[in-house]
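Asks: One structure, pasted below without further comment.
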């Protein structure tokens, strides 16, 4: 199970890559393992849309579960990964790379500070698996 | 003990294996103060006695085999080809469970897939689910789909007064916990088109409407789409055997009651609600869905699919909690449509149409009665009666005729009016007898 | 062995069912509404019959073999029920006929209402809901209406155990209320401390399944119910497991304010491949006025010479209709026949033998399968479908391998709080030889899991179909036949 050190994580299993004032968001390796084979991805926001902390940005579905993806930070959506809708299985094979879901311009960079770092998230997933 | 196979010896062996002296010990967790109540129920009856008792109860009703039925209003007396019940009585179908283990359920799964296909072709839509409880709850589910489609941002639903009154009641019951404005059916003259704006999530109409009228809804559908609302049509499936499908005038969702397709009246249930829509809404659609796939041996097979949609909660939006479909009823519809086929369904529709128009013409010619419908109608029509419909119907029973539906309580503007339905089961003689009886019932 | 799709069997021009010619003059068809194309199949009656009969032979069913599906109660469906439902007075009556012409049906429904009240310990029953989930929605809407009627609109929380069926939280959201999830304790009961912490005047109610989805009787049920009621909330009971309580305890006397019954589980009406069911609700006195309607009432009392006169009425503060007409009358007839066949003593016998059978299976399997929450079970129990030393074997593999023994697998992956859950419910209509055969099969599978895992991974081997690819079905949605235009 991978927990890249340069990412931030949420308790609802989203990851965030922050570069300057922009952030990229997806779901973690742990999440895709729990969900199993992903068959569907749909972004529920569009480019230019303003989102608040906790808003839903996407849906992923596997054969046994559907999961809503939420943004832990507020901001403006700058990109949506259309390719992922065509190949949802990337969430399983490349959750931190090809399966990025949305990019946004941060509205309030301080919101990033409360997120878990890689080590804390890994510990969190271990506790939940017990 | 009915249907319990255990011998005393087997019980003894099982208790020993479990490690208790008596079955009573197994209930140790049940609070003693309320345990083992003395139920006031009749003593057990042998099967022979049970069926005799039920025959007496059955006999204490007037049924549509004994009396000519001209009552419709959402449930219709159609002929059911004998093959339907023979297939429904096959144990492998009716004692089977929901097909969650597809390797052992291909019979159920393939028949549902065929049902879905036939309903799509009948309504002109692109996808169908495996059914809802009835036409009324299907309409409620259409409202939920529209609310989800608009992500909870629209809170107005417009219902035509021509939709079955009980269906509109059910929609209101379902939605009572959500802050919605459900309007458009305040009076018979209300026009759905007058209520459309950007807050409208769904506009719904009935085809033919509750009074049997056939309308072209193209303009209304266009107006709904212009404000971004979805357009839902509640359709009669027999009528669809000869009338153009709602897909041709802009429907996004077509729902309705499938009872006319091979399901007996059975005093109101079980029936089946069909639900069909366009492919783009498939993930917003509630209910079970069967999809095609292959097995490990390369054979084409069927499975329940998109199952996470079922019962899944979406934050801040309404969600359907439906956990079932009307399994065996969907099979009945499938067998019926397979039995009557393309030409048979058209024949049934046309027989209903011609007989209804013959009846309407004869009754309209009677003194004291008037035909209320002004435009084209299918197999139901409204007549104004010279005396209260309840009294007319009471007189009709004396002629072994089940009369029409008294519209007064649902539509105050139609007090003194009765809704009559005519199907292929009404012979010309039955209709002529009805006309004679109505003429005589006009006087005290 | 695949059966062609009905559209593949169709041939243009094939004669099927014949209707009589019109015996009335024909009227002009409505202009502008003519249907041009109708894509329905064209088969002879024999072709249609063979198609459906062959399809039926691809199904497992109760009448074919054992179905230990936890929570579903796959008991025998008595044949007399089927004959009864088809009696002409039941099958050929229209719901909107004058009630004076329907006294037999109304008497039957009234009797069923009374018996369910008696069995459940309730003051009122509505037979209208069409299924368990429908009954749930009805129950939660009633609770909501009750509080609003008292001006307590701040009560918007429904407490739901984490072991609950998925319909429970979905129903809550549909009713415009908020779900608050309660954890289970180490004994598989609802965590009482967590429950206590949530009880305040914003609680509308608690949804509880008892016995719960682990098959365990909630040990502190009266206390849990009491705490919710002390803070002014009401308690909704999911009656899916009512089976184990027949004649043993009445949910009304445990304090449940409203409960739905599943006629297709507890009362033997057939599952039909996924419906129709029926989900009547029973309520204590304070909720009687809120029941969905119409319900059947005695309009005029009877005497020695005349039976009572029955009619339909809407309760005074009814939440409204939850479906058109009166409910699944065809299932009411079957449930009536079942209750008459079993009678007073039979109710208790059902629970006794259901609980006996489940505990017998538990005793037989306990050594080979891990049973978390290992205490006396009621009519079902949950085992883990995984083994030490067989990391690749999951509940799914065990389930598929059971098919090779002629058994339908137990319920998989529910409840979510047990890993690789296998929920096993034998019901009272299964005999000891059947149970012994099942235990033997499960033990062999447990051995094979370690010594020959491939035989599980590749299962089922002997059914007409191998494992079906659910991922492909979801990715490449094919939901409908695509007959060539013009050939159908």
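Residue numbers (the numbering used here), protein chains in the order written: chain R, 1 to 130; chain Z, 1001 to 1444; chain W, 2001 to 2488.
Note that CB positions come from ideal geometry on N, CA and C, so glycine has one too.
Just so it is clear, the structure is predicted and the values come from calculations on it, not from any experiment.
With a threshold of 8 Å, are at least 3 pairs of Cβ atoms found where one atom belongs to the stretch 1061-1072 of chain Z and the other to the stretch 2252-2270 of chain W?
Replies: no
Asks: Just list the alpha helix (DSSP H) runs in the stretch 12-74 of chain R, keeping only unbroken ones of 4 residues or longer that don't cross its boundaries, in chain order.
Replies: 29-35
Asks: Rank 2044(W), 2333(W) and 2417(W) by C-alpha distance to the C-alpha of residue 2183(W) and give the top, closest one.
Replies: Start at 1 with the first residue of the third chain, and residue 2183(W) comes out as number 183. Minimum Cα distance to residue 2183(W) is reached at 2417(W).
Asks: So what does DSSP say about residue 1095(Z), is it helix, strand or coil?
Replies: In the second chain, counting from the first residue as 1, residue 1095(Z) sits at position 95. Residue 1095(Z) falls in the coil class under three-state DSSP.
Asks: Pair every Cβ in the stretch 2066-2078 of chain W with every Cβ in the stretch 1271-1287 of chain Z, then say whether three or more of these pairs are closer than 8 Å.
Replies: no
Asks: Taking the alpha carbon of residue 1128(Z) as the reference point, which residue from 1080(Z), 1265(Z) and 1273(Z) has its own alpha carbon closest?
Replies: Locating residue 1128(Z) in the second chain gives position 128, counting from the first residue. Among 1080(Z), 1265(Z) and 1273(Z), the Cα nearest to that of residue 1128(Z) belongs to 1273(Z).
Asks: Taking residue 55(R) as the query, report the chain W residues whose CB atoms sit under 7 Å from its CB, ordered along the chain.
Replies: Stepping through the first chain from its first residue, residue 55(R) is reached at position 55. For a Cβ distance threshold of 7 Å, nothing in chain W lies close to residue 55(R): the least Cβ distance comes to about 18 Å.
Asks: Tell me the start and end of each unbroken alpha helix (DSSP H) in the stretch 2048-2118 of chain W that is at least 4 residues and wholly inside, in chain order.
Replies: Listed in chain order, they are 2079-2085 and 2088-2091.
Asks: At least one CB of chain W closer than 8 Å to the CB of residue 1411(Z): is that the case?
Replies: Here residue 1411(Z) refers to the residue found at position 411 when the second chain is read from its first residue. Not one chain W Cβ lies under 8 Å of residue 1411(Z).
Asks: Between residue 2177(W) and the rest of its own chain, which residues show a CB-CB distance below 8 Å, the 5 nearest in sequence each way excluded?
Replies: The count along the third chain starts at 1 and reaches residue 2177(W) at position 177. Excluding residues within five positions, the ones whose Cβ falls inside 8 Å are 2140, 2144, 2156, 2157, 2158 and 2204.
Asks: Could you give the C-beta distance for residue 2321(W) and residue 1296(Z), rounded to a whole number, given that I count them as a contact under 8 Å?
Replies: Taking the first residue of the third chain as 1, we reach residue 2321(W) at position 321. Taking the first residue of the second chain as 1, we reach residue 1296(Z) at position 296. 47 Å between Cβ atoms; not a contact.
Asks: Quick one: grab the DSSP three-state call for residue 2260(W).
Replies: What you label residue 2260(W) is simply residue 260 of the third chain in a count that begins at 1. Looking at residue 2260(W) - three-state DSSP - the assignment turns out to be strand.
Asks: What is the DSSP secondary structure of residue 2423(W), reduced to helix, strand or coil?
Replies: Reading the third chain from its first residue, position 423 is the one you call residue 2423(W). Collapsing the DSSP output to three states places residue 2423(W) in a strand.
Asks: Flag residue 1402(Z) as yes if its beta-carbon sits less than 8 Å from any beta-carbon of chain W, otherwise no.
Replies: As a position in the second chain, residue 1402(Z) is number 402, starting the count at 1. Yes, residue 1402(Z) counts as interfacial toward chain W.
Asks: Return the residues of the stretch 2408-2429 of chain W that lie within a Cβ-Cβ distance of less than 9 Å from chain Z, sorted by chain order.
Replies: 2408, 2409, 2411, 2412, 2428 and 2429
Asks: Measure the alpha-carbon distance for residue 1315(Z) versus residue 44(R) and round it to whole angstroms.
Replies: Looking up residue 1315(Z) in the second chain gives position 315. Looking up residue 44(R) in the first chain gives position 44. Residue placement at residue 1315(Z) is flagged as unreliable, the pLDDT there being 46, under the threshold of 50; a coordinate-derived value is accordingly withheld.
Asks: Given residue 2485(W), which residues of its chain have a CB within under 7 Å of its CB, disregarding the five upstream and five downstream residues?
Replies: The residue given as residue 2485(W) occupies position 485 in the third chain. Unreliable placement is indicated for residue 2485(W), whose pLDDT of 44 sits below 50; no coordinate value is reported for it.
Asks: Give the single residue among 2175(W), 2162(W) and 2168(W) whose Cα lies nearest to the Cα of residue 2185(W).
Replies: Counting from one through the third chain, the residue named residue 2185(W) turns up at place 185. Checked all of 2175(W), 2162(W) and 2168(W); the closest Cα to residue 2185(W) is 2162(W).
Asks: Enumerate in chain order the residues of its own chain whose CB-to-CB distance from residue 1075(Z) is below 8 Å, with the five nearest sequence positions on each side excluded.
Replies: Here the question's residue 1075(Z) lines up with position 75 in the second chain. The answer, listed in chain order, is 1257, 1259, 1265, 1268 and 1271.
Asks: Please classify residue 1081(Z): is it buried, with 16 or more other beta-carbons within 10 angstroms of its beta-carbon, or exposed?
Replies: The residue given as residue 1081(Z) occupies position 81 in the second chain. Flag for residue 1081(Z) reads buried.
Asks: Mind checking whether residue 1369(Z) and residue 1387(Z) have CB atoms under 8 Å apart?
Replies: As a first step, residue 1369(Z) must be located in the second chain, where it is residue number 369. As a first step, residue 1387(Z) must be located in the second chain, where it is residue number 387. No. Outside cutoff.
Asks: Go ahead and pull the three-state DSSP assignment for residue 1201(Z).
Replies: In the second chain, counting from the first residue as 1, residue 1201(Z) sits at position 201. DSSP places residue 1201(Z) in strand when its eight states are reduced to three.
Asks: Going along chain W, which residues have a C-beta under 7 Å from residue 37(R)?
Replies: Along the first chain, one-based indexing puts residue 37(R) at 37. Here the neighbours are 2471.
Asks: Taking 8 Å as the cut-off, does the stretch 16-29 of chain R touch the stretch 70-77 of chain R (at least 3 CB pairs, one atom from each stretch)?
Replies: yes
Asks: Consider the Cβ of residue 40(R): report whether some Cβ of chain W lies at a distance smaller than 8 Å.
Replies: As a working mapping, residue 40(R) is identified with position 40 in the first chain. Cβ-Cβ to chain W under 8 Å: yes for residue 40(R).
Asks: Thinking just about the alpha-carbon of each residue, which of 2366(W), 2209(W), 2290(W) and 2111(W) is nearest to the one in residue 2316(W)?
Replies: Within the third chain, numbered from 1, the residue matching residue 2316(W) stands at position 316. For residue 2316(W), the nearest C-alpha among the options comes from 2290(W).
Asks: Is any heavy atom in the ligand ZN found nearer than 7 Å to the beta carbon of residue 1390(Z)?
Replies: The ligand ZN is absent from the structure shown, which contains no ligand whatsoever.
Asks: Are the stretch 1111-1131 of chain Z and the stretch 1148-1156 of chain Z in contact at 8 Å, needing three or more beta carbon pairs?
Replies: no
Asks: What are the start and end residues of each continuous alpha helix (DSSP H) run of 4 or more residues lying completely inside the stretch 2326-2385 of chain W, in chain order?
Replies: 2329-2365
Asks: Going by the DSSP bridge assignment, what does residue 2207(W) pair with across the sheet?
Replies: Here residue 2207(W) is taken as the residue at index 207 of the third chain, counted from 1. Looking at the DSSP assignment, residue 2207(W) forms a beta bridge with 2236(W).
Asks: Quick check: what's the CA-CA separation for residue 2128(W) versus residue 2278(W)?
Replies: Walking along the third chain from the start, residue 2128(W) turns up at place 128. Walking along the third chain from the start, residue 2278(W) turns up at place 278. Approximately 8 Å, taken between the alpha carbons.
Asks: Please report the residue range of the alpha helix (DSSP H) in which residue 1113(Z) lies.
Replies: Reading the second chain from its first residue, position 113 is the one you call residue 1113(Z). Looking at the DSSP string, the run of the alpha helix (DSSP H) that includes residue 1113(Z) is 1106-1123.
Asks: If you reduce the DSSP assignment to three classes, tell me which class residue 2308(W) lands in.
Replies: As a first step, residue 2308(W) must be located in the third chain, where it is residue number 308. When DSSP states are grouped into helix, strand and coil, residue 2308(W) belongs to the coil group.
Asks: With a CB to CB cut of under 7 Å and the five nearest residues on each side skipped, what residues in its chain are close to residue 1284(Z)?
Replies: Position 284 of the second chain, counting from 1, holds the residue named residue 1284(Z). Cβ neighbours of residue 1284(Z) beyond the five flanking positions: 1145, 1148 and 1149.
Asks: For a test of the three-state rule: what should DSSP assign to residue 2201(W), helix, strand or coil?
Replies: In the third chain, counting from the first residue as 1, residue 2201(W) sits at position 201. Correct three-state label for residue 2201(W): coil.
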